[in-house]
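K.L.:
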Amino acid sequence: MASGIVEQPFGFAGGLYDYQTGLVRFGARDYDPEVGRWTAKDPIGFGGGSALLYEYCANDPINAVDPSGLWITPW
């Protein structure tokens, strides 16, 4: 860390930014901010109620979060 610069660990939607990989960690899966997508399909598959396995919070990140990477929590 350079003098006078404070690193903060939070990335997209409150996930933890991993400085070694450049990914944002959400427990069950990681988000790659360089390409703007998840690095893996939703680990619960179609059990999440959607056929879109790479989406985040049913494509509604304003009204919901998914801190564990497993299920949506209304915001």
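Under my numbering, the first residue of the sequence shown is numbered -9, with each subsequent residue one higher. Using N, Cα and C, we set each Cβ at its ideal position, and we do this for glycine too. If you're wondering where the values come from, they're calculated on a predicted model, not measured in any experiment.
1) Ignore the nearest five residues each way along the sequence and tell me which others in residue 33's own chain have a CB closer than 8 Å to its CB.
2) For residue 2, which three-state DSSP category applies?
3) In this structure, does DSSP put residue 54 in helix, strand or coil?
4) For the candidate residues 39, 38, 43 and 37, whose alpha-carbon lies nearest to that of residue 29?
5) Excluding the 5 residues preceding and the 5 following residue 53 in the sequence, name in chain order all residues of the same chain whose CB lies nearer than 7 Å to its CB.
P.N.:
On the basis of the data shown:
1) 18, 19, 59 and 60
2) helix
3) strand
4) 43
5) 64 and 65
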